[in-house]
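A.B. asks: Have a look at this one.
Residue numbers (the working numbering): 1 to 286.
The following block contains the structure:
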């Protein structure tokens, strides 16, 4: 099996069709079709079946996809390891929650660059749920997520604890509305828990995609939110906001570093973890 055939197979599986996969790979549909047909001939099994206007994996296709993800991850990591051994440039794909990206990741990457000067980090900032999926599917090497996380395929390490506070506007009466991130955010889950357990679900719900967007709307009285105390302190809207403490079962959210259990121990990952000592909250906790 050639790597290009496996990469094509993975794209078709993820995109659900030949056309979408061809666009992702910047090639023509006939190339994608030919690679899939040759792969099926080589394996002696149908990998896809028709579903409406798209394709879905057969049982043999599902099995192959599991191995394909591992093979492609190992191929990329092998290249990374060789470049590191030769003191050349290396890449690492790091994921992080929006709040960690805004408050801690720049400092962490600065410390990492000191130990790996030629490192090329690629950062993905999104929700904890999407980061978990990305690590499990080997799309990124590691991530900083809101915990606690327990999954048999993941290794997770506590990094720090964040304190969530109830954030309100300072000078206007807030609407009975929770302004939150989209589905999959751990802070959203905590806010909904607080609304259910302590407020009898009296709050409506609005969704936004950025920290400052949420805090800006709260500052204008469009609702309240739950956000880490340090995020509020660093916000451009901090002078227009006030916050209140929350019950401990809602307020405490651990931040965890996760990687796939099958991912080989690479020096760049170890260097990233070593760089955590530069984070103030981490230094206080250890």
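C-beta atoms are modelled at their ideal positions from N, C-alpha and C, and glycine is treated no differently.
As the structure is a computational prediction, the values presented were derived from the model and not from experiment.
Please list, in chain order, all residues of the same chain as residue 122 whose beta carbon is under 6 Å from its beta carbon, the five residues on each side excluded.
C.D. replies: The sequence position of residue 122 within the chain shown is 122, counting from 1. These residues qualify, in order along the chain: 93.
A.B. asks: Using 10 angstroms around the beta-carbon of residue 215, count the other beta-carbons present and answer buried if the total reaches 16, otherwise exposed.
C.D. replies: Looking up residue 215 in the chain shown gives position 215. With 16 or more Cβ atoms within 10 Å of its Cβ, residue 215 is classed as buried.
A.B. asks: Check the DSSP bridge columns for residue 124 and list the partner residues they point to.
C.D. replies: Taking the chain shown and counting its residues from 1, one reaches residue 124 at position 124. Residue 124 is bridged to 95.
A.B. asks: Is residue 32 closer than 8 Å to residue 22 when the C-beta atoms are compared?
C.D. replies: Within the chain shown, numbered from 1, the residue matching residue 22 stands at position 22. Within the chain shown, numbered from 1, the residue matching residue 32 stands at position 32. A contact, by the Cβ cut-off of 8 Å.
A.B. asks: Write down every uninterrupted run of the beta strand (DSSP E) in the region 51 to 82 whose length is 3 residues or greater and which is fully enclosed by it, in chain order.
C.D. replies: Listed in chain order, they are 54 to 57.
A.B. asks: Compute the beta-carbon to beta-carbon distance between residue 69 and residue 114, rounded to the nearest angstrom, for a pair I have assumed lies under 8 Å.
C.D. replies: In the chain shown, counting from the first residue as 1, residue 69 sits at position 69. In the chain shown, counting from the first residue as 1, residue 114 sits at position 114. Between residue 114 and residue 69 the Cβ distance is about 33 Å, and since that is not below 8 Å, they are no contact.
A.B. asks: Should the region 124 to 135 be regarded as contacting the region 245 to 252, the criterion being three or more beta carbon pairs within less than 8 Å?
C.D. replies: Not touching, per the Cβ criterion.
A.B. asks: Around the Cβ of residue 169, are there at least 16 other Cβ atoms within 10 angstroms (buried) or fewer (exposed)?
C.D. replies: Along the chain shown, one-based indexing puts residue 169 at 169. With 16 or more Cβ atoms within 10 Å of its Cβ, residue 169 is classed as buried.
A.B. asks: If you follow the beta strand (DSSP E) that residue 178 is part of, which residue opens it and which one closes it?
C.D. replies: Within the chain shown, numbered from 1, the residue matching residue 178 stands at position 178. Element bounds for residue 178: 177 to 180.
A.B. asks: Looking only at its own chain, which residues have a Cβ that is under 8 Å from the Cβ of residue 99, when we skip the five neighbours before and after it?
C.D. replies: One-based indexing of the chain shown puts residue 99 at position 99. Cβ within range, chain order: 162, 187, 211, 227, 228, 231.
A.B. asks: Does DSSP classify residue 228 as helix, strand or coil?
C.D. replies: On the chain shown, position 228 is the one that residue 228 refers to. In this structure, residue 228 counts as strand in the three-state DSSP scheme.
A.B. asks: Could you give the distance in angstroms between the alpha-carbon of residue 3 and the alpha-carbon of residue 142?
C.D. replies: On the chain shown, residue 3 is found 3 positions in, with the first residue counted as 1. On the chain shown, residue 142 is found 142 positions in, with the first residue counted as 1. About 23 Å.
A.B. asks: According to the neighbour-count rule (16 or more other Cβ atoms, all chains shown, within 10 Å of its Cβ), is residue 269 buried or exposed?
C.D. replies: For this step, residue 269 is matched to residue 269 along the chain shown. So residue 269 counts as buried.
A.B. asks: Would you call residue 87 buried or exposed, if buried means 16 or more other Cβ atoms sit within 10 Å of its Cβ?
C.D. replies: As a working note, residue 87 is residue 87 in the chain shown. Bear in mind that a pLDDT of 49 at residue 87, under 50, signals an unreliable position, so the number given afterwards is only what the model happens to contain. Looking at its Cβ environment, which holds fewer than 16 other Cβ atoms inside 10 Å, residue 87 is exposed.
A.B. asks: Helix or strand or just coil, what does DSSP make of residue 192?
C.D. replies: Here residue 192 is taken as the residue at index 192 of the chain shown, counted from 1. Note: residue 192 maps to helix in three-state DSSP.
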